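For the sequence shown, the numbering used here assigns the number 3 to the initial residue and increments by one for each residue that follows. C-beta atoms are modelled at their ideal positions from N, C-alpha and C, and glycine is treated no differently. None of the values given here were measured: they were computed from a predicted structure.
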Amino acid sequence: MNSRTVPTVAIIGRPNVGKSTLFNRLIGTRRAITASRSGTTRDVVSGNVSWGRYNFVLTDTAGFDAPDDEIESQAQEQLQEAVKSANLVLVVVDGTTMATNQDQAAARLALKSKKPVILVMNKADDKGAGDNFERLGIKQRIPVSAIHGSGTGDLLDAIVKHLGSAQPSESQGSLRLALLGRPNVGKSSLLNALVKRQEAIVSNVPGTTRDVRITNINYKDHKIQLLDTAGLRRRGKIEAGVEKFSTIRTAAAIASADVCAVIMDATELAVAGDQHIAGMVKDAGRGLILVVNKWDIPEKDDKTQAHLARALAHDFEFVPWAPLVFTSATTNLHTDQLLDLALEIQERRGQQLPTGPLNRVLEEMTRKHPPAGSGNVQPKINYVTQTGVHAPTFTFFASHPRDIHFSYKRYIENSLRLAYDFIGTPITLEFRAKRKER
């Protein structure tokens, strides 16, 4: 395994055994959609997991089943590509039932990959409950409850033991910058401009980059890893086979990156695919830069850039904190500015705010605009503390936290951004009751 890459762990299994619930439990947030009916997960969903000194990318896949339509067939192809790209496979079964033919088929796929395989017996409270799964041929079996979290620590210990040769979590001072975008927007050309030499294969044929190319550079005494990714199409436009594989790897690159630059073509803007990719970065909690590339091509006057910036601000209003930069790989326009922004965003993402000054900001914002309630309920925010860095998270303790309106939460986020300048990075606000409410 290349020590510069973050290893990938794939979750597979028949429908409705709790794969997405386990995925959400292990990554610590609700990313995958869960439901009691089978077939809810069709696209591969990726998330970053840190455990001890190690991190890895976790991918959730569609239920292993016989396809009965074209969409299901594509989902099964995507599942098989996820197994091929993984360093370790988790086969999830319902530990309260007998092993089924679908469980056996999933186990065969995993074992055939020649990767390390762990059988995860979900919904099982008894370590002896997995005796009937011996016939699947997977030696290591771990009982868990994805809903309640029991056994997940043992599972994570087993995962990192298998991935022991993978690199530990990135140390401070090393920045991973992923270059993302639709096919043929100039990602590889921009990479060459950033490294000041011919590093990536450049072609005007969409799809030249099939995998994630990692290039190390030194810039202003900082070590930066540049991740050049395959072009991402909208999900309905993704073709089977190697392009599915590239899409999975690109999603994993987002999860393992610190900052992502979404590259757009100056000659073809306002495309839904660009917004979809930016949304993936936001959901992953990574830093984000919007880049308009090929800026040397369009005809323009002194008002063109400002007009376009306003239009893009409207199109990307769901990420108003993401900076915008205009570049040209051909003329090296603002390529250094892109790296400067990435370093600044990484610094902001890593800042740990002292509780005292943070609460003084809270006091000032609530003094100006106290939270409004409904009926006889009057929420009051008592104090705040920062509970996460690099994906900045703030936990607010309040009375009646469920009655705090979403518009007030937006006001709080805007106030925090004004006070501490979280440029280019999403922040998460959590609201909890100070004491148990009746």
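- According to DSSP, Tyr385 shares a beta bridge with Phe399.
- Residue burial annotation: Ile414 is buried, with at least 16 other C-beta atoms found within 10 angstroms of its C-beta.
- Taking C-beta separations shorter than 6 Å and ignoring five residues to either side along the sequence, the partners of Tyr221 in its chain run Leu341, following chain order.
- If you draw a straight line from the Cα of Gly139 to the Cα of Lys114, it comes to about 11 Å.
- In the structure shown, Thr23 adopts helical secondary structure according to DSSP, grouped into three states.
- Considering only Ala331, Val197, Leu24, the residue with the shortest C-alpha distance to Asp267 is Ala331.
- Runs of the alpha helix (DSSP H) lying entirely within the stretch 271-343, each at least 4 residues long, are 274-286, 306-317 in chain order.
- Bridge pairing for Arg178: Gln227 [DSSP].
- Apart from sequence neighbours up to five positions away, the residues of its chain that approach Val293 with a beta-carbon distance below 7 Å are Ala263, Val264, Ile265, Met266, Val327, Thr329, Leu340, ordered along the chain.
- Between the stretch 176-186 and the stretch 304-324 there are fewer than three C-beta pairs closer than 8 Å, too few to call the two in contact.
- Taking 8 Å as the cut-off, the Cβ atoms of Tyr422 and Pro373 do not count as close.
- Between Ala280 and Val321, the C-beta spacing is below 8 Å.
- As computed with DSSP, Pro145 is found in a beta bridge with Met123.
- Secondary structure remark: continuous beta strand (DSSP E) runs of at least 3 residues inside the stretch 401-437, in chain order: 430-435.
- Distance from the Cα of Met100 is smallest, within the candidate group Leu81, Val119, Ala126, Arg404, for Ala126.
- Counted as a single uninterrupted DSSP element, the stretch harbouring Asn50 is not any alpha helix (DSSP H) but the beta strand (DSSP E) occupying residues 47-53.
- Ile347 places its beta carbon 8 Å or farther from that of Gly287.
- A straight line joining the alpha-carbon of Pro394 with that of Ala107 spans about 41 Å.
- For the pair His371 and Asn384, the Cα-to-Cα distance works out to about 14 Å.
- From the listed residues Gln353, Gly375, Lys296, the smallest Cα separation to Arg419 is found for Gln353.
- Around the C-beta of Glu83, 16 or more other C-beta atoms lie within 10 Å, and the residue is accordingly described as buried.
- Arg350 is the residue among Trp297, Arg350, Val93, Leu111 whose C-alpha sits nearest the C-alpha of Asp260.
- Phe408 is classed as exposed because its beta carbon has fewer than 16 other beta carbons within 10 Å across all chains shown.
- In the three-state reduction of the DSSP assignment, Met367 falls in the helix class.
- Comparing alpha-carbon positions, the option among Val379, Val386, Ala12, His316 lying closest to Glu366 turns out to be Val386.
- Boundaries of the alpha helix (DSSP H) around Asp105: 103-114.
- For Asp260, the three-state secondary structure derived from DSSP is coil.
- It is roughly 42 Å from the alpha-carbon of His224 to the alpha-carbon of Gly20.
- Annotation for Leu158: the continuous alpha helix (DSSP H) segment containing it runs 154-164.
- When the beta-carbon positions are compared, Val122 and Val94 come within less than 8 Å of each other.
- Here Asn295 is not near Leu228, since their CB atoms are 8 Å or more apart.
- For Ser52, the closest of Pro118, Lys189, Val391 by C-alpha to C-alpha distance is Val391.
- Here Leu28 is not bridged, per DSSP, to any residue.
- If you draw a 10 Å sphere on the C-beta of Ala274, you find fewer than 16 other C-beta atoms in it, and that means exposed.
- Assignment of Ala12 by DSSP, reduced to helix, strand and coil, places it in the strand class.
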